[in-house]
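One line per chain: the protein sequences are A and B, in this order. With my numbering, the residue at position 335 of the first sequence is 335, and numbering never jumps. With my numbering, the residue at position 245 of the second sequence is 1245, and numbering never jumps. Note that beta-carbon positions come from the ideal geometry of N, C-alpha and C, so glycine has one too. A short worksheet on the structure shown next.
There are 2 protein chains.
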Amino acid sequence: MASVASATSAPSSHKAADTVIQLAQTHKPKPDPNGLVFGSVFTDHMLTIEWSLQEGWQKPHIQPFGNLSMHPGCSALHYAIQLFEGMKAYRGPDNKVRLFRPMLNMNRMLKSAHRACLPSFDCAELMECIKKLVDLDQDWVPHSDSASLYIRPTLLGTEPTLGVKKPSSALLFVILSPVGSYFSTGAKPVSLWADSKYIRAWRGGTGDCKMGGNYGSSIYAQYEAVDFGCQQVLWLYGDDHQITEVGTMNLFLYWINEKGEEELATPPLDGIILPGVTRQSILELARQWSGFKVSERYLTMSDLRRALEENRVKEMFGSGTACVVSPVGRILYQGENLHIPCEGSFPPLASRLLKELTDIQYGRTPSDWSCII
Amino acid sequence: MASVASATSAPSSHKAADTVIQLAQTHKPKPDPNGLVFGSVFTDHMLTIEWSLQEGWQKPHIQPFGNLSMHPGCSALHYAIQLFEGMKAYRGPDNKVRLFRPMLNMNRMLKSAHRACLPSFDCAELMECIKKLVDLDQDWVPHSDSASLYIRPTLLGTEPTLGVKKPSSALLFVILSPVGSYFSTGAKPVSLWADSKYIRAWRGGTGDCKMGGNYGSSIYAQYEAVDFGCQQVLWLYGDDHQITEVGTMNLFLYWINEKGEEELATPPLDGIILPGVTRQSILELARQWSGFKVSERYLTMSDLRRALEENRVKEMFGSGTACVVSPVGRILYQGENLHIPCEGSFPPLASRLLKELTDIQYGRTPSDWSCII
């Protein structure tokens, strides 16, 4: 409420213009972009911004990358009052560094902050702070048309008491990591384990926000998927086994639907699905092309199984900032392997989307989705 | 798998006998036990034990209470790979310090660790480490028959990389805080907001484990409860609005049931309810008394409403380590205030249970549930 915020002297947002920069004295060696394990190497600097109920947002600090000093009673460590975002900076053939629709990430981060009872902030100011950080560490953006610099904004409750309540202090920080492909198998089709034994998210929960708790609770099922010879979990929902998402990816089915229409379909944003930036971009691109129907609709495992039996499935793929577009080759469901068509290893629509998206991301195609730093 | 553990040299548990103690140089003043805000003051020492996949559990360290140094990419901060326990040490009239059924907490912690993909440990060894810590800070156990020393064991994933996976390193720590009543209103009956808009836990999730994500996601609803003039959320489940728990308390209904039987009932442990130590103790005590039926059974809001209309409700109360027993006076449900009978402010069965439990906890009644330090 603007009236409340302006009635106090506490700043309602940090200001990028106030950023205090302390340069690192040493510089780490840059890794080979071909051998990168996702999120394991970090750049020389990080951004930190503190908030307290009494004093509001403090000045942003860009400082040498290093450990955080945290009170052992703090609410991020006990009650998972925490959220994050994931975005990337790409180096183009013109050597310019670009972000991809970064305000979508900022807006989603603000929505997560609201759900987590963490403080709100001005998205444009945070974006400017992140640009300053990426600009300072721009040598870390890989010279590569497949690698990029992953940007991880994080917001934590730092209330140093054990009551379960809205935190009266918080820490926003941003770290940067040069990355290659998210999956260690590279661009090969992924295999998914679909079982209703574990549920990722539910209505009335936090599945549509990027809160830490959605992820920690998923890892157990992920290892059960591996035990069954699959790479990832396809999370189902409800008695009718609705297809929802993969946890690190949204899902798309490209098929001839029950009415005989050629359709690209993905589950709707009904509260249990993460509203992915890549998901939204694929929907918008495909709607521009207008060669087939594009739908946000429910899809069940029996819809999929019937369509496979009737040879109506053309492609299935995941989408996400980490993987961009990742074809699905196989789903293990109720003891049966459902094989999804994958011409070559990267089917035509997935390939077209991957090319279109990465051409924009790397600046090979001009687009107002691209934001030069 | 025992065979796997013994095939490596990595210790499968920390050993209390290896504990390294570094004493604090200064001692903080002890607070007045009457003015304590839950979990806001901590003692002079803490216990920390590190684990890594390569080296297993390291030596336990008891050291001065202080901030933790955490990698900003660590999995406890991004993916809520974290869990905790809550237990108390009580000072009796004989000046001895006792724990209450502490192995139940250790076993539940191990179960949470399994679900969170965090390392397992020997519960008895951890218990011994905690006893050493409480013994060292025993002057902090309040000289009071209502206050106690709250013990907060915590286990965090400290994997310093951003892939969503089982952590290869972890930190177990224990902090201690002298506490009075959990609710700032003291022993007055609490008011609950019952609405199906938010759901705490669901089958296939983590509601039966003490993982951080269960709590962070609940705070938003908690403030909506306050907006509606209630203190806490009564979490409902399913289309029939089953009564589940309060998040910080399990719930009991003492009533004449549909069959005309006098019954003490609490929802069953079906995966969405936290298996509370106080809940279990109340069930066991009440079954020993054998004056009425004691049931773990489903209870819906319409069961409760009908029983209230027919004057069949005798008492309703919550149970938990923090609050022990806390009568419920009012539930706001579908716009209607349901008033629960509360003779005086503490009805007879709740009073009897509170007295019996605290007599054991403070050592006024000998019991093998009590564990002298």
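(message) I want to see whether chain B comes within less than 8 angstroms of A:Q82, judged by CB atoms only; does it?
(response) So yes, A:Q82 belongs to the interface.
(message) If you follow the beta strand (DSSP E) that A:K59 is in, where does it begin and where does it stop?
(response) Counting along the chain, A:K59 falls outside any beta strand (DSSP E), and DSSP gives it neither H nor E.
(message) Against chain B, with Cβ distances strictly below 8 angstroms, would A:P72 count as a contact?
(response) yes
(request) Count the other C-beta atoms from every protein chain shown that fall within 10 angstroms of the C-beta of A:G344, then say buried if there are 16 or more, exposed otherwise. (result) By the beta-carbon neighbour count (other beta carbons within 10 angstroms, threshold 16), A:G344 is exposed.
(message) For the segment 339-359 of chain A against the segment 311-318 of chain A, do three or more pairs of beta-carbon atoms, one drawn from each stretch, fall closer than 8 angstroms, so that the two count as touching?
(response) yes
(message) Check whether the segment 1156-1167 of chain B and the segment 1055-1075 of chain B are in contact - that is, three or more C-beta pairs closer than 8 angstroms.
(response) As far as the Cβ criterion goes, the segment 1156-1167 of chain B touches the segment 1055-1075 of chain B, which means the pair count is three or higher.
(request) Anything in the segment 1160-1173 of chain B with a Cβ closer than 7 angstroms to a Cβ of chain A? List those residues in chain order, please. (result) T1161, L1162, G1163, V1164, K1165, K1166, F1173
(message) For chain B, check one thing: does any of its Cβ atoms lie closer than 8 angstroms to the Cβ of A:H14?
(response) no
(message) Does A:K15 come out as helix, strand or coil in the three-state DSSP assignment?
(response) Of the three classes helix, strand and coil, the one that applies to A:K15 here is coil, per DSSP.
(message) The beta strand (DSSP E) that contains B:E1263, what's its start and end?
(response) 1262-1266
(message) According to DSSP, is A:L374 part of a helix, a strand, or is it coil?
(response) An answer regarding residue 374 of chain A cannot be provided, because it is not within the stretch 1 to 373 covered by chain A.
(message) Counting only Cβ pairs nearer than 7 angstroms, list the residues of chain B close to A:Y220.
(response) R1115, C1117
(request) Could you pull out every residue in the same chain whose Cβ sits closer than 7 angstroms to the Cβ of B:T1161, ignoring the five residues on either side in sequence? (result) G1073
(message) Under 9 angstroms, CB to CB, which of the residues in the segment 1237-1257 of chain B have a partner in chain A?
(response) Flagged, chain order: G1247, T1248.
(message) To the nearest angstrom, how far is the alpha carbon of B:H1014 from that of B:L1136?
(response) Rounded to the nearest angstrom, the two C-alpha atoms are 19 angstroms apart.
(request) Say yes only if the C-beta of B:I1049 is nearer than 7 angstroms to one or more non-hydrogen atoms of the ligand GTP, and no if none qualify. (result) By its list of ligands, the structure shown contains no ligand whatsoever, and the ligand GTP lies outside what it can speak to.
(request) Tell me, please, whether the CB atom of B:R1108 is closer than 8 angstroms to any CB atom in chain D? (result) Looking for chain D here will not work: the only protein chains present are A and B.
(message) Closer than 8 angstroms between beta carbons: that is the criterion. Which residues of the segment 1200-1215 of chain B meet it against chain A?
(response) W1202, R1203, G1204, G1205, T1206, M1211, G1212, G1213, N1214, Y1215
(request) Quickly, what does DSSP pair B:H1241 with across the bridge? List them, please. (result) None, per the DSSP bridge assignment.
(request) Indicate whether the contact test is met: 3 or more Cβ pairs, each with one atom in the segment 193-201 of chain A and one in the segment 286-296 of chain A, closer than 8 angstroms. (result) no
(message) For chain A, check one thing: does any of its Cβ atoms lie closer than 8 angstroms to the Cβ of B:M1046?
(response) yes
(request) May I ask which residues mark the beginning and end of the alpha helix (DSSP H) holding B:A1307? (result) 1301-1309
(message) Can you check whether the C-beta of A:V20 is within less than 8 angstroms of a C-beta belonging to chain B?
(response) no
(request) Report the partner residues of B:P1327 according to the DSSP bridge assignment. (result) B:F1317
(request) Keeping to the same chain, check which residues put their C-beta closer than 7 angstroms to that of B:P1011; ignore five residues upstream and five downstream. (result) G1056, W1057
(message) With a threshold of 6 angstroms on Cβ separation, who are the neighbours of B:G1048 within its own chain once the five nearest residues in sequence on each side are excluded?
(response) The sequence as given places Thr at residue 1048 of chain B; Gly does not occur at that position. For B:T1048, where only same-chain residues beyond five positions count, the Cβ hits under 6 angstroms are H1061, F1173.
(message) Considering only their Cβ atoms, is the gap separating A:V190 from A:V97 smaller than 8 angstroms?
(response) no
(message) Tell me which residues share the same chain as B:R1287 and place their Cβ nearer than 6 angstroms to its Cβ, disregarding the 5 neighbours each side in the sequence.
(response) V1294
(message) Using 8 angstroms as the cut-off, can you tell me whether the segment 1120-1129 of chain B makes contact with the segment 1344-1363 of chain B, which would need three or more C-beta pairs spanning the two stretches below that distance?
(response) no
(request) Throw me the rounded Cβ distance for the B:S1052 and B:S1169 pair, which I believe falls under 8 angstroms. (result) 4 angstroms
(request) Give me the Cα-Cα distance between A:V134 and A:G86, rounded to the nearest whole angstrom. (result) 14 angstroms
(request) Report the residue from B:K1210, B:L1357, B:I1175, B:Q1231 whose alpha carbon sits nearest the alpha carbon of B:L1332. (result) B:Q1231
(message) Using a Cβ distance threshold of 8 angstroms, determine whether the segment 1240-1249 of chain B contacts the segment 110-122 of chain A, with at least three qualifying pairs required.
(response) no
(message) Tell me the residue span of the alpha helix (DSSP H) that contains B:N1337.
(response) Element bounds for B:N1337: not the alpha helix (DSSP H) but the beta strand (DSSP E), 1336-1339.
(message) Can you tell me whether B:S1295 is helix, strand or coil according to DSSP?
(response) strand
(message) To the nearest angstrom, how far is the alpha carbon of B:E1336 from that of B:W1193?
(response) 10 angstroms
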